[in-house]
Every structure is written in C-alpha cells, then in structure tokens.
Amino acid sequence: MSIPLSLTVNGQAVTTTVDARTLLVDLLRTGLALTGTHVGCDTAQCGACTVLVDGRAVKSCNVLAAQVAGAKVQTIEGLAAEDGTLHPMQAAFRECHGLQCGFCTPGMVMSALDLVARHPGADEAKIREELEGNLCRCTGYQNIVKAVRLGAAEMAK
Amino acid sequence: MGANETGPIGQAVRRREDARFLTGTGQYTDDVTMPRQTCAYFLRSPHAHANIRSIDTKAAKAAPGVVAIYVGADLTGVNGLPCGWLITGTDGKPMNEPPHPVLAQGKVRHVGDPVAVVVAESLLEAKDAAEMIAVDYEVLPAVVSGVDALKPGAPQIHEQAPGNKCYTWALGDKAAVDAAFATAHHVSKVDIVNNRLVPNAIEPRAAVASYNRAEQSYTLYVASQNPHVERLLMTAFVLGLPETKVRVIAPDVGGGFGSKIYLYAEETALVWASKHVNRPIRWAADRSEAFISDAHGRDHVTHAEMAVDKDGRFLAMRVTTTANLGAYLSTFASCIPTILYATLLAGQYTTPAIYCEVTAAFTNTVPVDAYRGAGRPEATYVVERVVHQVGVDLGIAQDEIRRRNFIRAFPYATPVALTYDTGNYDQTLDEAMRMADVAHFTSRKAEAARRGKLRGLGYSSYIEACGLAPSNIAGALGARAGLYEAGEVRVNPTGGVTVFTGSHSHGQGHETTFAQIVADKLGIDMANVEIVHGDTGRIPFGMGTYGSRSLAVGGTAIVKAIDKVVAKGKKIAAHLLEAAETDIEFKDGKFTVAGTDRSKAFGEVALAAYVPHIYPLDKLEPGLNETAFYDPTNFTYPAGTHICEVEIDPDTGVTEVVNFVACDDFGNIINPMIVEGQVHGGLAQGLGQALLENCVYDAKTGQLLSGSFMDYAMPRADDLPTFKVSTKVTPCTHNPLGAKGCGEAGAIGAPAAMMNAVHDALLGVGVKDIQMPASPHRVWQAIQSAKAGA
C-alpha cells in the first residue's frame, strides 16, 4: 500500500509516496539518496541510523517513514554550513580523532547533538551513559567522549 | 627516520578521510547504486545440521518482482571456497579439507548456511519470495563444541573429515620438554577457555556485483580488507574466470577486524549470478545475518603447564589446545590456531623448551577464522595466565616473576620458530608499573576492603608477530600465497603524487599516515599527495590489511617506490644541472649539486620527466612512475605490558575496571594520534572479550543463542574505563621505517591483564579458576562455589 507523505529533510520540503512498510532510514538512504545515515543492526541497538526528528535523536531504522509526516528531519548531511564549514560537533570529532572507520560516526554525531541539547554541561560519566545507544567497534569510545565534550564547549561559545 | 627532522613523520596530523565521514559523503558498499540494479536475499539454514531432501522454488519463482532464484544444484562449474593455508599434521598427512560449497549441496552444517539466493526487483520482494521456498530438511544431531566434536560417537559433519578432525599439529621439542618437566622444582597448571567472539564490525558485510556483456567483465564492490586476494581466490579457485575480467573494489569499509579478509559465499554467488541475470545485484547483510555468516573468532580450549626451578625460572612449557574451526574451513582458518598461535608461546621469556599440540575440529557452527590478533591473543592469554599462576604458586611478585625470565639479548631465537629482532621488555614493564601506580596498590586494596570490595591487579607482558610475512617462511609453513605488499608512486607532470597501495584502510587512517610518509620523504606538501587503495582496477597488486601489516609492509613498499623515484630524479636532475649523478643530493624536496647552491625543485624534475625537451632520452625513459613490491625479511615484534586494576563487588559479582594502563613498543611511530586510537580500540575489544562478550550456541540444537546485539554483549561507552596509554620505542631493525605495527596489541594484551586482575582479586576468597567473560553471573557463582567448598 502506497501512502503520500510530506516532511522536511535538512530544511528542504519533501513530498513523496512510500510503501506503508518503508522505514525512515530507507526513505532517507534509498528514496532521498542521503546515504550518510547508516544501518548497522536490526534491533535498534547500534544507533548508526540515528537522525534528529523535530530536534530529538531517533533511530531511523525503528520508525516507519509514514510516522514522520510533517516532521523536520535532520541528518548528518544537513549539519555543515553551505560553504562546507563543519558544525562544531563535527569539527570536534575530527580534532579529537573520535572516528576511525566512520560507519557509526553520523549516528554518533547526531546523538551527541541531542545529548548536548538536553545536558549542555554533561561530564564524562554522563556522556558515557548517554551514548549507551550508539555502538562503536573501532575507537573504544575514549576519543568520542573527548570529542563530545569539546563539541559541547564549542557550541556553548 | 624521516628525511626531514621537522617533516610530517611523527606528527599527530588530523585525518584527511574524516571530512567525508563526518559529512555523510563516505561511500560504503551499500551506498553504491547502479541502473537496473536488483536485490539479493539469501535463504539460510534454520538448522545446525540437516540433510536437504528437496527444495521447491516453483511458487517463489512466480512471486511478484522475482528475477531469479538459484540453489546449490544450479551452480554448475562453480567450485567450493578454498582455504589459503595447508597445515600438515603430526601424522605427516595434509589436513582434512572438506568442500565448502557456495550454496548448500544436499546438506547444511550450521545455522545460517546459505541454501538459496533470491534475486528480485526489491529487497522486500526478495524476502517475501524466500519465505515461499519450501525446503524439506532431515534434521540431524548437531555438535557445537570442539571438544565434544572429537569424542567418539559425535555426529559426523563431513565425509572427508573422520571424527570431525581437521588436523592434529604440533610445534616444539617434545623430548626436551618432557625431560625438563621430569626434574622440575614445580609445575604450574592452568585450564583455559578462550571464548568464541563475533567480530561485529558496525558495517555489515555487503556486495554489489555487475556484469558487462560488451567486455565480458565483472565489477564487484565488496566490503573487503583485501580486494586483490578476494579477486584471486574467486577467479582462480571458485569461478574459473580470468583475473583480467574481474575488477574488485573495496570502497569505504566500515571496520573489519579480520572478518572482511575472507572470500565468502555471498559475493561469490552474486558475481556468478550477475552474468546470468545480466543486471547488477546488490546484497547487504542485516545484523542477524551477520551473526550467523561472518567468520567468528577464538574458541580454544587449552591446558597449559609451566615447569620452573626454585627461583621461578621457566624451564619448559607444555600446551595442549583444541581449536573449534566451525563447519567449514574459512580462508585462513587453519593457520590461526597453529602458525599464528604456537609460535608466540615463548612470549617475552627465555623459556628454553616449549611443546604445543593443537587439534582442530569441525563443528556445526559458523566458521572460525582470524579476529583482531588472530592466534596471538590466544597465545598471550595462555602464556600470561600460566606465568601469573607461577607467581601465585611460588609467592613471587608478578613483576618479579616476569623480570626473572625476560629476554634481554637480541636477536633471540625462540624454541618455537621465531627470531625476535629487537625489544626492551623491562622498559615497557617499568613504565606500565609507574603509570598504574603499582607502588600504592596495597593501600588501595585495603581501602576497597574496608568498603567490602575486592581489588586485584593483573599484568600482561605480551608479544606479537606482525608485519606478515616473509613469503618464503610462510610458504614453508603451508601458506598458499605470498605475503608481500605492493606500492606504486606516480609523480604527475605538475609534481603532485598519486600513491597506489595494496594495503586497505577500513578505519586505520592510511590516507593520512601514508601521505605523511610520502610528503616527508619527498619534501612536498601533504596536500599534493593522494593515496588510492581498495581497487584492483587501479592498484598493481596487494595482499591487503590484517595482522598489523599495513605500515611495516605496505608502508615499506611505498618507501621502496619512493627510493626508485628519487634515484631516477637524481639522474634527471644531473642532466638538468649538468653535473655528475653521484654529486646530486636529494633533501627537503630539492635535488642539489653537492657543495653548491645549484638545485632543481622536485616539481621541476617531475615536469622535465614528462616534458622531456632537455632530457637524457638516450639513457633514460621519460616519466616518473615507480612500483615496488616489498617482501619482509622477518616478522615484526611489537610488545609491551598492560596492567589492569579491577574492583569486584562480592555481593553482586560486578567487576569494575578501575584502571587500565598500556605501555607498548610499536617501533617508530608515524602518527601518534592514530596509534593511540588503534590502541584504544584494541583494548576495548580485549576488555570486551574478558568482561562482556561471549558467543553461545545451544549444545543440543546448535542454535546461536547470542545472535543479536540484544543478546551478545558488545562493549558500550559506559562499560569501559578511560585508558592510559603510552609508548616506548625500539625501532624494528629490518624495515626502513623502523615500524612494527599497532593495530592488534590492545586486543592481544588486554584479556590476560584483566583476567589476571580478576584472579588476583578473588584469590583471597578462594576462587582459583574463572573463565572469560568475567560476567557478574560467573563471578558471583565462582565466589559462592568457593564459599561452599571452603
């Protein structure tokens, strides 16, 4: 069953039709060619598919596209400025070597933005607790935690 | 080290690859799309062991969107997947090497064994159709543990492997070991289970295959650590295609850890089918599928004994191991519990005699192959657990028992076939002890005891053999491939340099590290250096990335190619400067006539090579493009000491890693930031093994019980401590970079450090033996059993 759908993705209005069982992540990756959002599991555990829906971090593999009708969706592609300047959180991940293979990174950055919005002054323990829903197999998380702290500080400036 | 003391080598240069990964513009295999593409879905066995009576695909083939369905019988002319290493057993016979079909041929041997592939217009249609395939299984009894599989009466998995045995193999001087044990002052013993792990790179395996009718050629995008090896094995051994007609591209790859080294059934089936349907076919594993189809790691059961004199000096070590290889021989499965394991049993010590016997068994489980460290974590775990036990048995402090036995004279030939070129084990132990504040451990332990908690300290002084490998040695040991690396340095007319490397980066940051080396050696800006990897269509050849080999072997190949570029550049510069070639010096990006101020910049020489108007055309070809293959003369031997401090709550069994320090010697370091990141990641996987991760099969049904991230405990951010890491340097003596490799050290050293700490903490409450992972349940049970037994 196809259903019509309108939403905003990275500031752009999108009007499309989707199969009723289409997941948000499939709409983003296949329908809109926004392949920065990744799929790393099928049980909503790894967080590689995390995007912001109306400002809140959401695992897009666990949401039907139809559920986000009318919402504002932000993905990793929508973070940097038009001239290519990285968002402070993106820049912090680079500065702190908070990524290796890069596969979990988009979800990690989007979760970090949600985290900072809710806990702007989060300490290391809080950041580690909040990142529970995002798996990284490369970094051991140490430099991700460092990056989130730096990113939060830069965003507060 | 570097040509320039202030050059990029040794600097914490921020990574160039990050820009695309941080903006969502990386291109992983599943991001590749092609016109007219189709989607594949693999129907897999739900049973651990069963005969296939029949497969009915009629209804499925008529389902909406289905393009084709193939089962094992359709794959005419397709051979099984090969194993790349021949092990010869103690009986002098080659290992039992049963067929490893691409799609099941009449029998399935593990849950997840592929039975059919459905190609459809969409993935959903492929999945829907797969549900309509009727497979009539005759379910057979299954066996999942290596030890059980070798027992009389166990279910027989392959006709070609009686008793489920692949081989019994041994290394070392048994007679010398037996003699030393007969007269030893004391023998310390440990029984060890090295738990089975699932690699779980966050990017699941994926492939996109297409066929070009005009060229009669194939292109395969695949999440692989070594595209050339993938192509060689697939074309020469399985599909019988000319290598020239297959291009394999491994684009951005989201982590590997060993699991993406191998030639798998899925991409092989896709390449074959792409010609038959004459359309591109894409496939990406979902995580549940990855758990039952990616090669697993470890899974050893070992008994180890160390004979010592009254002062704790090691006289001999005896090790017996059963290794579970799973249902089929994966690409390098056979060499992991043998060549990459028993050869490391000397560790950092002068143990004069060592004997190790390994029996490898087939079971109804996913094939087991190299996982980060590959044999060396298993060896380190054996050595460091038994050394710990010697210290406990003899009442000698853990640092002291190690110091009494350290190798201090190099080169050192071990009794298990390796020759260590260099090292300084006291240095890394001293520094690790300082970092861990061992001096004040007793007071911390007392303070914890006042709170009712148990503190323990554990050491692991590990060694690894990396930089795989001298091809002649590997060949003598059964390797069916060479283990060199290739590098091409193409200087473009305008002076920019494109480097083509056979190494593959899937998180290691080669695009940055290798560019640092090239910029440093040629005295040019890093911005003028481009690193290309992962494409058989562009790169001369390559053996890929595993075994911490990329810098020591792949980096050296690039250095050798640079040396050729500089040598030719000197000839060109001599002509341009009207000087003798022997008078030309190359430094800081300039060719200079020695003792004068007359020089030509690197870019000027490059231009002259491509616009050869003033050029020694009678003596020299135009162009500046050099290739080198580098085959190392020895392994490299990274080593170090890791110290772990744990605090256990005896009421709950919860183990907290309160401190973890690592002091490693990786030889010379090109980018310390990247090295530190590699260590962190390795430690996380090592602590994951010791604290959390365990791959569990149901013993009766052979079902994988830990088959998702809900059941398999991956380390999360709040499970791990903040590591303290540092490095010491003894440069490798046999490669020009002096580099040893750093990718696996964390995973090799960490498990023993942590489990020794757990044993140390629990010694006071009478627990003598606990296996990984030290989960709260296990620790609590061990404490209760000790109490009950006391």
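Quick mapping for you: the protein sequence lines, in order, are chains A and B.
Reading the first sequence from the start, the letters are residues 38 to 194 in our numbering.
Reading the second sequence from the start, the letters are residues 247 to 1036 in our numbering.
Glycine is no exception: its CB is placed at the ideal position from the N, C-alpha and C atoms.
For clarity, every value in this text was computed on a predicted model and none was experimentally measured.
- When secondary structure is reduced to three states using DSSP, Leu327(B) falls in the coil class, being assigned neither helix nor strand.
- Assigned with DSSP and collapsed to three states, Arg528(B) falls in strand.
- Following the DSSP letters along the chain, one finds Leu561(B) inside the beta strand (DSSP E) bounded by residues Phe560 to Asn570.
- In this chain, the alpha helix (DSSP H) harbouring Ser534(B) covers Arg533 to Phe537.
- Contact annotation: Gly923(B) and Gln111(A) have beta-carbon atoms that are not nearer than 8 Å.
- Under the 8 Å criterion on CB atoms, Gly270(B) is classed as interfacial with respect to chain A.
- Look at Glu169(A): its C-beta is under 8 Å from a C-beta on chain B.
- In the structure shown, the three-state DSSP call for Asn917(B) is coil.
- By the Cβ-count criterion, Ser291(B) is buried, with 16 or more other Cβ atoms from all chains shown falling within 10 Å of its own Cβ.
- Any Cβ of chain B closer than 8 Å to the Cβ of Leu172(A) would place that residue at the interface, and such an atom is present.
- At a cut-off of 8 Å between beta carbons, Leu187(A) makes no contact with chain B.
- According to DSSP, residue pairing for Ala607(B) in a beta bridge involves Lys411(B) and Asn570(B).
- Per DSSP, reduced to three states, the secondary structure at Arg266(B) is helical.
- Two segments are said to touch when three or more pairs of C-beta atoms, one from each, lie closer than 8 Å; by this definition the region 380-391 of chain B does not touch the region 507-523 of chain B.
- Taken in chain order, the whole beta strand (DSSP E) runs of length 3 or more contained in the region 268-337 of chain B are 284-290, 296-302 and 312-317.
- The alpha carbon of Leu443(B) has as its nearest neighbour, out of Val811(B), Gly504(B), Ala453(B) and Val393(B), the alpha carbon of Gly504(B).
- Within chain B, the C-beta atoms nearer than 7 Å to that of Ala117(A) come from Thr269, in chain order.
- Interface flag for Glu191(A) against chain B is unset, since no Cβ pair is found closer than 8 Å.
- Taking the Cβ atoms as the reference, Cys329(B) lies roughly 50 Å from Ala685(B), outside the contact range of under 8 Å.
- Using a Cβ distance threshold of 8 Å, Ala625(B) and Ile889(B) do not count as a contacting pair.
- Beta-bridge annotation (DSSP): Ile777(B) is paired with Val745(B).
- Using a 10 angstroms sphere on the CB of Leu822(B), the tally of other CB atoms reaches 16 or more, which defines it as buried.
- In the three-state reduction of the DSSP assignment, Gln949(B) falls in the coil class.
- Look at Ile507(B): its C-beta is not under 8 Å from any C-beta on chain A.
- Counting the other CB atoms within 10 Å of its CB gives Gln762(B) a total of 16 or more, which places it among the buried residues.
- Shown here for Gln273(B): same chain residues with a beta carbon closer than 6 Å to its own, the five before and five after excluded, namely Pro497 and Asp498 in chain order.
- What Leu929(B) touches in chain A, judged by beta-carbon distance under 8 Å, is Gly177, going in chain order.
- Taking all protein chains shown into account, Glu872(B) has 16 or more neighbouring C-beta atoms within 10 Å of its C-beta and is therefore buried.
- Within the region 857-917 of chain B, the complete beta strand (DSSP E) segments of 3 residues or longer fall at 871-876, 885-895 and 900-911, listed in chain order.
- For Gly501(B), the closest Cβ of chain A is nearer than 8 Å.
- By the Cβ test, the region 754-768 of chain B is in contact with the region 914-930 of chain B, since at least three Cβ pairs between them sit closer than 8 Å.
- Proximity of chain B to Val182(A) at the Cβ level (cut-off 7 Å) is accounted for by Ala963, in chain order.
- Closer than 8 Å at the C-beta level to chain B, one finds these residues of the region 136-150 of chain A: Leu136, Gln137, Cys138, Gly139, Phe140, Cys141, Thr142, Pro143 and Val146.
- Close to chain A, meaning a Cβ-Cβ distance shorter than 9 Å, are the following residues of the region 436-455 of chain B: Pro445, Asn446, Ala447, Ile448, Glu449 and Pro450.
- The alpha carbon of Ala416(B) has as its nearest neighbour, out of Phe427(B), Tyr467(B), Ala803(B) and Gly335(B), the alpha carbon of Gly335(B).
- For Thr968(B), a Cβ of chain A is located within less than 8 Å of the residue's own Cβ.
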